[in-house]
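For the sequence shown, the residue numbers in my numbering are 438 to 955.
In this text, a Cβ means the ideal position worked out from N, Cα and C, and glycines have one as well.
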Amino acid sequence: MITLIITQQFYLEELQNCYTSSASGTYNANLKTLTLFLTPTKQFQCQVFPTAAVFTIEAFNLNKNIVWVVDNFDYMTNTTIVLDNVDLMGAQPQLVEINISSYTHFTIVQLLSLNYQLSALDQCFKSGTAYKLMADEMTLTVVSSGACQLQMFNLKEIQIVMGDFSTQLVLNALTKVLLDGVEVLAFDVNGNFQNYVKDKEIVFSMEGNYVDVMQTPFLSVQLTFLMKVDQLTVQSVVVPDSFIIGYDGMFLKSQGIFAMQSDLSVRFIFSDQVLIDYASVVASANQFIFRVTMKDGDSSYTMQQIFTSLDINRKLIVFKCDGDVTCLKHLSAALTQSSTFQFDLTILTDLAFNQLFVAFIIPYETCWQTGVALLNENGVCLTLVKKNGKCIFDEVVNSDVILSVRNASRPVLAQYQLTQKMDVSSAQTDYCFVCNDEDCRSNISSIRQDKDISFLFNASYSDGWMGVPVVKYVESNYKSQEYVTISIGVIIGAVCLVLSVVQMVLFKKKIAILRKKK
Numbered sequence: 438m439i440t441l442i443i444t445q446q447f448y449l450e451e452l453q454n455c456y457t458s459s460a461s462g463t464y465n466a467n468l469k470t471l472t473l474f475l476t477p478t479k480q481f482q483c484q485v486f487p488t489a490a491v492f493t494i495e496a497f498n499l500n501k502n503i504v505w506v507v508d509n510f511d512y513m514t515n516t517t518i519v520l521d522n523v524d525l526m527g528a529q530p531q532l533v534e535i536n537i538s539s540y541t542h543f544t545i546v547q548l549l550s551l552n553y554q555l556s557a558l559d560q561c562f563k564s565g566t567a568y569k570l571m572a573d574e575m576t577l578t579v580v581s582s583g584a585c586q587l588q589m590f591n592l593k594e595i596q597i598v599m600g601d602f603s604t605q606l607v608l609n610a611l612t613k614v615l616l617d618g619v620e621v622l623a624f625d626v627n628g629n630f631q632n633y634v635k636d637k638e639i640v641f642s643m644e645g646n647y648v649d650v651m652q653t654p655f656l657s658v659q660l661t662f663l664m665k666v667d668q669l670t671v672q673s674v675v676v677p678d679s680f681i682i683g684y685d686g687m688f689l690k691s692q693g694i695f696a697m698q699s700d701l702s703v704r705f706i707f708s709d710q711v712l713i714d715y716a717s718v719v720a721s722a723n724q725f726i727f728r729v730t731m732k733d734g735d736s737s738y739t740m741q742q743i744f745t746s747l748d749i750n751r752k753l754i755v756f757k758c759d760g761d762v763t764c765l766k767h768l769s770a771a772l773t774q775s776s777t778f779q780f781d782l783t784i785l786t787d788l789a790f791n792q793l794f795v796a797f798i799i800p801y802e803t804c805w806q807t808g809v810a811l812l813n814e815n816g817v818c819l820t821l822v823k824k825n826g827k828c829i830f831d832e833v834v835n836s837d838v839i840l841s842v843r844n845a846s847r848p849v850l851a852q853y854q855l856t857q858k859m860d861v862s863s864a865q866t867d868y869c870f871v872c873n874d875e876d877c878r879s880n881i882s883s884i885r886q887d888k889d890i891s892f893l894f895n896a897s898y899s900d901g902w903m904g905v906p907v908v909k910y911v912e913s914n915y916k917s918q919e920y921v922t923i924s925i926g927v928i929i930g931a932v933c934l935v936l937s938v939v940q941m942v943l944f945k946k947k948i949a950i951l952r953k954k955k
């Protein structure tokens with residue numbers, strides 16, 4: 438019996454010159470991606486490739502060919518093709534051919550060049566990097582982008598620079614690391630950092646005494662990840678997106694700052710949560726240091742006020758320059774709104790640190806330039822000078838208005854204030870606060886006697902408060918004014934009478950002289 442075996446063999450037809458000779462590629466060793474840059478010649482015979490094609494990488498020093506199927510392939514329009522999960526296993530072949538094939542045709546593309554790169558080391562982490570500095574611990578939170586697998590596998594230490602202070606977190610088996618909230622070992626048995634996993638949150642922490650450094654105004658932080666690859670140390674520099682110092686909640690629920698020629702006024706209200714969280718600390722503490730730091734460019738200046746107790750109802754603190762030239766220079770910059778401000782509170786008990794609260798305050802935007810106060814027995818009337826341009830009060834707003842009393846000689850006194858509901862608009866220049874009781878009149882009487890008094894005018898609107906410092910005041914005493922007016926009138930009348938008499942005498946003398954000449 439004869440058996441006939443029929444074998445059918447399929448031969449792929451090679452297509453020539455489907456791509457230009459300028460084809461190139463880039464291999465990223467971290468991401469394990471091969472990006473091909475191809476320019477199709479768009480010859481008619483090459484347009485037979487279907488929407489799926491097989492890409493085969495061939496190189497003389499690769500142990501085996503590497504094959505991918507590319508979906509959604511379009512010969513006419515695809516000029517950049519990314520092949521994922523390409524592992525060249527450490528090889529760096531220079532003579533590379535790409536075989537692009539379908540069931541019926543194939544074409545060979547010779548790469549003119551194949552570039553090798555590691556991911557940019559500023560892209561190792563996603564946005565959202567956070568750094569927190571406390572008195573006894575610092576923590577760093579990052580989210581892996583997956584772009585630096587090779588380097589981060591060899592992570593050795595993290596350098597931390599905060600202002601003039603620097604330290605190193607040298608990783609070892611005892612380093613505390615959290616991966617998505619779960620505590621893990623920093624290294625595997627081979628001493629490699631295995632926790633750099635794409636899209637995973639990594640938290641590093643380091644204990645120490647950071648009381649002094651955390652009280653540095655406008656403290657900045659820079660983190661440098663040091664990694665060793667093939668005996669070469671490489672680094673990734675990170676500036677955190679958020680930097681928390683001390684208390685990590687909301688310190689103030691309302692704040693604003695007024696700059697004047699010789700002092701700064703900070704108006705604030707403590708957040709309710711702070712008062713709840715630190716009620717016992719405030720009760721037992723005996724030193725409260727309020728500071729405000731003005732920063733203009735690279736230069737800064739700090740003023741402070743120290744108290745032995747904390748009045749949670751205090752809403753205003755005035756910081757004075759007291760003639761200090763440097764302070765006055767920074768205030769001058771603040772008046773041009775080129776400065777930034779840090780306001781902080783340090784709580785101590787018998788000089789032992791308890792907590793630091795930090796807030797960065799934006800100067801009040803105001804509709805007014807300044808104002809003048811006129812006092813009388815029954816209250817205070819203000820005349821405000823409007824700034825040019827649009828104003829939130831261009832339309833009438835029924836507002837809660839507060840007039841706070843400032844005393845330059847006793848700047849941190851819990852000052853007296855008048856509160857009244859009234860219509861406020863930029864078109865209106867005059868506002869009056871009328872006393873309705875004897876306590877108010879008594880306070881006004883005391884204020885009238887104090888030559889260091891000035892005021893802050895604040896009016897509420899839908900999104901907050903707006904105000905202006907009333908830097909001058911004019912004391913009004915109507916009885917005195919009336920007396921002065923009458924006295925001056927009498928004097929003027931008397932002078933006029935005397936002059937008239939003198940003129941009459943002189944006139945008579947002239948007439949007598951003329952008669953004698955006749």
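Residue burial classification, residue i (beta-carbon count within 10 angstroms, cutoff 16)
i, result
"residue 797", "exposed"
"residue 731", "buried"
"residue 914", "Bear in mind that the predicted position of residue 914 carries a pLDDT of just 48, short of 50, making it unreliable; the figure below should be weighed with that in mind. Answer is exposed; the Cβ neighbour count stays below 16."
"residue 799", "exposed"
"residue 481", "exposed"
"residue 448", "exposed"
"residue 506", "exposed"
"residue 626", "exposed"
"residue 453", "exposed"
"residue 553", "exposed"
"residue 788", "exposed"
"residue 485", "exposed"
"residue 513", "exposed"
"residue 734", "exposed"
"residue 781", "buried"
"residue 950", "In this predicted model, residue 950 has a pLDDT of only 46, less than 50, meaning its place in the structure is not dependable enough to derive any value."
"residue 467", "buried"
"residue 487", "exposed"
"residue 633", "buried"
"residue 891", "buried"
"residue 665", "exposed"
"residue 783", "buried"
"residue 702", "buried"
"residue 826", "exposed"
"residue 864", "exposed"
Opening and closing residue of the beta strand (DSSP E) in which residue i lies
i, result
"residue 833", "Careful: residue 833 lies outside any beta strand (DSSP E) and carries neither H nor E."
"residue 819", "816-823"
"residue 550", "550-554"
"residue 398", "Because the chain here runs from 438 to 955, residue 398 falls outside it and cannot be looked at."
"residue 713", "Where residue 713 is concerned, there is no enclosing beta strand (DSSP E), although the alpha helix (DSSP H) it sits in stretches over 709-714."
"residue 812", "805-813"
"residue 857", "854-861"
"residue 462", "461-465"
"residue 578", "574-580"
"residue 615", "614-616"
"residue 458", "That residue, residue 458, is in no beta strand (DSSP E); it is neither H nor E in DSSP."
"residue 519", "517-520"
"residue 536", "533-538"
N-terminal and C-terminal residue of the alpha helix (DSSP H) that residue i is part of
i, result
"residue 877", "875-886"
"residue 587", "586-589"
Which residues DSSP lists as bridging residue i, in chain order
i, result
"residue 679", "567"
"residue 604", "597"
"residue 829", "Note: residue 829 sits in no beta bridge, so no partner."
"residue 490", "507"
"residue 906", "893"
"residue 869", "818"
"residue 732", "737, 777"
"residue 794", "782"
"residue 470", "465"
Is it a yes or a no for the stretch 681-690 touching the stretch 757-773, going by three-plus beta-carbon pairs under 8 Å? Flag = no, the stretch 681-690 and the stretch 757-773 do not touch.
Which whole runs of the beta strand (DSSP E) in the stretch 734-773 are 3 residues long or more, in chain order? Segments of the beta strand (DSSP E) lying fully in the stretch 734-773: 736-744, 753-757.
Contact the stretch 672-680 vs the stretch 610-618: 3+ CB pairs below 8 Å: Too few Cβ pairs lie closer than 8 Å, so no.
For a minimum of 3 consecutive residues, which ranges assigned as the beta strand (DSSP E) are wholly contained in the stretch 624-696? Entirely contained in the stretch 624-696, the beta strand (DSSP E) runs reaching 3 residues are, in chain order, 638-644, 658-666, 669-675, 679-682, 689-696.
How about the stretch 517-532 and the stretch 560-571: do they share at least three Cβ pairs that are nearer than 8 Å? As far as the Cβ criterion goes, the stretch 517-532 does not touch the stretch 560-571, which means the pair count is below three.
Specify whether the stretch 582-600 and the stretch 700-708 touch according to this definition: at least 3 beta carbon pairs, one from each stretch, less than 8 Å apart. Note that the stretch 582-600 does not touch the stretch 700-708; fewer than 3 beta-carbon pairs, one per stretch, sit closer than 8 Å.
Contact between the stretch 525-537 and the stretch 572-581 is defined here as three or more beta-carbon pairs at a separation below 8 Å; is this criterion met? Touching, no, given that fewer than three Cβ pairs across the two stretches are closer than 8 Å.
So does the stretch 809-818 actually touch the stretch 828-837, counting three or more Cβ pairs closer than 8 Å? Cβ pair count under 8 Å is below three, so no.
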